[in-house]
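Asker: Each residue of the sequence shown is one higher than the last, beginning at 1 in our numbering.
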Amino acid sequence: MASVAGQSGTTKRTRFLVLADTHGAYYLPDTKQLQPIDVVIHCGDITADSQLAEYKTAIRLLSQIDAPLKLVIPGNHDFTLDTPTYQRLLHRARKRRDFPKLLRTHGQPGDARRLFSSDGHANNNIHYLDEGTHRFRLPNGTALTVYASPYTPAFGTPGFQYRTSDSRGGVPGHDFAVPADADIVVTHGPPRGVLDRVWGPPPPYSSSSSSRHVGSPELFAAVARARPRMHCFGHIHEGWGAEVVRWETENTSRYPSQEGEENEEGDLQQRRGNNNNPPPSSTVIADLGSVLPLKGDSPEAVADKDRRLREYAAGKCIKTSHCAGDSLPVEKGVSTLFVNAAVIGQPVRPPWIVDLELPVASEGNASVVENGEGHWVDSVASTYGIPMNGC
């Protein structure tokens with residue numbers, strides 16, 4: 001399958017479909033007018049309750065999308081894929097009267113993982129990514145390096161979670177080993193301070209202290225060091241949106257602090273200013289504030305947001321392009337596109353269609369590229385051309 005037309009030097013325009021938090025629903029976006037798609041990324045929470053039937057629904061959904069490479073990571077709701085956690089939960093539940101039913105609906109440890117074939121070719125190009133670095137060669141001739149991790153700070157359903165570092169500067173709760181050459185970072189949860197707000201009162205939302213940031217500080221530091229082209233995630237449904245951050249020339253590895261906390265120099269949140277308005281180095285593409293009513297909105301603004309909500313309800317994707325020649329290009333090491341693609345919620349949020357430039361594969365890796373487990377993956381051989389169905 002060819003990529004989206006256009007390339008610059010040793011890079012080539014590549015199209016991504018990014019979604020997260022489908023929670024077991026058969027949510028199939030209408031992308032027929034947005035083909036060809038080179039890579040589909042699901043950022044976790046494939047299920048709501050980690051039932052085998054929900055995984056099968058998700059696989060059926062992904063199988064219907066026409067793309068040569070589909071990457072999937074689990075989220076905290078997909079706890080049966082976290083074998084140690086699931087074994088502990090089963091041990092606690094073994095005396096429950098409905099324990100046999102639980103095993104029928106959720107399976108034994110390992111059953112859910114076996115639904116995702118280790119050979120993506122046999123499962124409609126779907127590749128389940130364990131934590132680590134994975135490398136692919138795409139049919140459009142580009143090389144793609146992905147760092148993936150399902151881990152989030154302890155919050156909510158307990159799959160793939162860790163305790164955060166303490167306020168005294170203890171050992172970080174999780175080591176996100178993002179390599180310097182990562183093009184894309186795929187995690188279930190957001191980094192601290194970027195599209196990670198949870199809100200207190202219901203709409204109309206305000207920009208007061210009724211919200212807080214719940215993303216991972218360790219993850220922000222790792223992404224700030226690696227400066228990938230895109231970091232996509234979900235988990236925090238209220239954080240849906242996309243934002244381009246242009247990094248400072250010095251190493252910005254300090255994570256954004258929550259408002260009211262002492263901010264370090266170079267801190268992204270500190271540079272946002274009052275009411276969380278982004279500075280010139282941070283540009284919001286869209287967020288819930290652009291579609292949900294805010295205090296002080298004019299009648300015209302409310303009407304415009306209502307129109308957008310109706311469009312989203314129709315299942316349309318949001319398209320954004322950040323290639324050479326675009327108004328807001330993303331360059332590896334200089335800027336990063338952050339995407340919170342959580343589609344669950346009222347209203348349903350649309351998934352993202354993202355155009356980025358990837359490096360053209362060199363002669364040395366023209367046939368195959370190594371993935372994080374030491375195997376070789378060439379997605380050219382896995383192009384099935386499955387027709388895309390609308391909603």
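The beta carbon of each residue, even a glycine, is placed where N, CA and C say it ideally should be.
At which residue ranges does the region 15 to 60 contain complete beta strand (DSSP E) runs of 3 or more residues, listed in the order of the chain?
Answerer: Complete beta strand (DSSP E) runs here, min 3: 39 to 42.
Asker: Which whole-angstrom value describes the C-beta separation of Glu238 and Leu288, a residue pair presumed to lie in contact below a C-beta threshold of 8 Å?
Answerer: Indeed, because the Cβ distance is near 6 Å, the residues count as touching under 8 Å.
Asker: Take the Cβ of Ser211 as the centre, count every other Cβ of all protein chains shown within 10 Å, and call the residue buried at 16 or more, exposed below.
Answerer: Flag for Ser211 reads buried.
Asker: Excluding sequence positions up to five away, which residues of its chain have a Cβ less than 7 Å from the Cβ of Tyr128?
Answerer: Cβ neighbours of Tyr128 beyond the five flanking positions: Val72, Phe116.
Asker: Tell whether a beta-carbon distance below 8 Å holds between Arg246 and Ser335.
Answerer: Result yes, Cβ atoms of Arg246 and Ser335 sit closer than 8 Å.
Asker: What is the DSSP secondary structure of Pro217, counted as helix, strand or coil?
Answerer: Correct three-state label for Pro217: helix.
Asker: Would you kindly work out how many angstroms separate the C-alpha atoms of Leu34 and Asp297, rounded to a whole number?
Answerer: Rounded to whole angstroms, Leu34 to Asp297 spans 32 Å at the Cα level.
Asker: Just grab the DSSP bridge partners of Cys232 for me.
Answerer: Partner(s): Val186, Val339.
Asker: Flag this pair as touching only if the region 144 to 161 and the region 174 to 193 have three or more C-beta atom pairs under 8 Å; answer yes or no.
Answerer: Result yes; three or more Cβ-Cβ pairs closer than 8 Å.
Asker: Looking only at its chain, what residues have a beta carbon closer than 7 Å to the beta carbon of Ser321, apart from the 5 residues adjacent to it on each side?
Answerer: Same-chain partners within the cutoff: Asp355.
Asker: Which residues does DSSP list as the beta-bridge partners of Asp287?
Answerer: DSSP lists Gly241 as partners of Asp287.
Asker: Tell me the rounded alpha-carbon separation between Thr187 and Glu300.
Answerer: Approximately 37 Å, taken between the alpha carbons.
Asker: Mind checking who Leu102 pairs with in its DSSP beta bridge?
Answerer: Answer is none; Leu102 lacks a bridge partner.
Asker: If you scan the region 118 to 158 from start to end, which runs of the beta strand (DSSP E) of 3 or more residues do you find wholly inside it?
Answerer: Counting only runs of 3 or more, we get 126 to 128, 132 to 137, 143 to 149.
Asker: Span of the alpha helix (DSSP H) holding Thr320?
Answerer: Counting along the chain, Thr320 falls outside any alpha helix (DSSP H), though it belongs to the beta strand (DSSP E) covering 318 to 321.
Asker: Would you mind sorting Pro347 into buried or exposed? The rule is 16 or more other CB atoms within 10 Å of its CB.
Answerer: Pro347 should be labelled exposed.
Asker: With DSSP as the reference, please indicate the residues paired to Arg308 in a beta bridge.
Answerer: None, per the DSSP bridge assignment.
Asker: Between the C-alpha atoms of Leu292 and Arg349, what's the straight-line distance to the nearest angstrom?
Answerer: Distance between the alpha carbons of Leu292 and Arg349 is about 11 Å.
Asker: What's the gap between the Cα of His42 and the Cα of Ala342?
Answerer: C-alpha separation (whole angstroms): 10 Å.
Asker: Which first and last residues belong to the alpha helix (DSSP H) in which Arg114 is found?
Answerer: Its alpha helix (DSSP H) spans residues 111 to 115.
Asker: Please determine, among Asp304, Gly75, Ala58, Leu90, the residue with the shortest C-alpha to C-alpha distance to Lys130.
Answerer: The question names Lys, but residue 130 is Asp in the sequence shown. Closest by alpha carbon: Gly75.
Asker: One question on the structure: do Asn124 and Ser216 come within less than 8 Å of each other, judged by their Cβ atoms?
Answerer: No; because the gap between Cβ atoms is not below 8 Å, this pair is not in contact.
Asker: Classify Thr83 as buried or exposed, calling it buried when 16 or more other Cβ atoms lie within 10 Å of its own Cβ.
Answerer: Classification for Thr83: exposed.
Asker: Would you give the residue range spanned by the beta strand (DSSP E) that Leu69 belongs to?
Answerer: Its beta strand (DSSP E) spans residues 69 to 72.
Asker: What first and last residue would you give for the alpha helix (DSSP H) that runs through Arg88?
Answerer: Here the alpha helix (DSSP H) through Arg88 covers 83 to 93.
Asker: Given this structure, state the Cα-to-Cα distance separating Glu248 from Glu331, to the nearest angstrom.
Answerer: In a straight line, the C-alpha of Glu248 is about 13 Å away from that of Glu331.
Asker: Give the straight-line distance between the Cα atoms of Thr10 and Glu357, rounded to the nearest whole angstrom.
Answerer: Near 9 Å, if we compare the C-alpha coordinates of Glu357 and Thr10.
Asker: In this structure, does DSSP put Val302 in helix, strand or coil?
Answerer: DSSP places Val302 in helix when its eight states are reduced to three.
Asker: Using the Cα positions of Arg197 and Ala286, report the straight-line distance between them to the nearest angstrom.
Answerer: Computed Cα separation, rounded: 14 Å.
Asker: Run through the DSSP bridge pairs and tell me what Pro191 is partnered with.
Answerer: Its beta-bridge partners are Ser216.
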